[in-house]
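Residue numbers 1 to 92, in this note's numbering, belong to the letters of the sequence shown in order.
Below: one structure, written as structure tokens.
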Amino acid sequence: MFLIIDVKVMPQSGRQSFQLDKNGQLKCYLTSAPEKGKANQELIKFVAKILKIPQHHIELVSGQTTRLKKLKIFTKLTYEQFLKLVLELIIH
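Below you can see the structure in the form of structure tokens.
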């Protein structure tokens, strides 16, 4: 099973966190610069850490050079379960 998520990446934010904007768009704030794939790699590492899965279970499907990313995550979680984990980070 896998899960597809859309996320808007905010590189060089000085922090690692997720946020839902007023339109329900998932945003990920990262510390890395958007150069040479550094922010993409940080995004994958951060999501893997949150979900406690290996990085190779996460694939960047689209958005390699844009802020809007589509991730394919090999997991049994539903989108709602994924959001619950992310929202727990936002609250704490």
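Using N, Cα and C, we set each Cβ at its ideal position, and we do this for glycine too.
* Could you please give the first and the last residue of the uninterrupted beta strand (DSSP E) stretch that includes Lys45? => On the sequence shown, residue 45 is found 45 positions in, with the first residue counted as 1. Note, Lys45: premise wrong, no beta strand (DSSP E); alpha helix (DSSP H) at 38-51.
* To which residues does DSSP link Leu26 through a beta bridge? -> Translated into positions along the sequence shown, residue 26 becomes position 26. Note: Leu26 sits in a beta bridge opposite Leu20.
* To do: Assign Asn23 to one of two classes, buried (16 or more other C-beta atoms within 10 Å of its C-beta) or exposed (fewer than that).
  => Residue 23 sits at position 23 when you count from the first residue of the sequence shown. Under this definition Asn23 is an exposed residue.
* Asked: Is Phe74 buried or exposed, if buried means 16 or more other CB atoms sit within 10 Å of its CB?
  -> Residue 74 sits at position 74 when you count from the first residue of the sequence shown. By the 10 Å Cβ count, Phe74 comes out exposed.
* Nonlocal neighbours in the same chain, by C-beta distance under 6 Å from Val47, ignoring five residues either side -> Residue mapping note: residue 47 aligns to position 47 of the sequence shown, counting from 1. Around Val47: Ile58.
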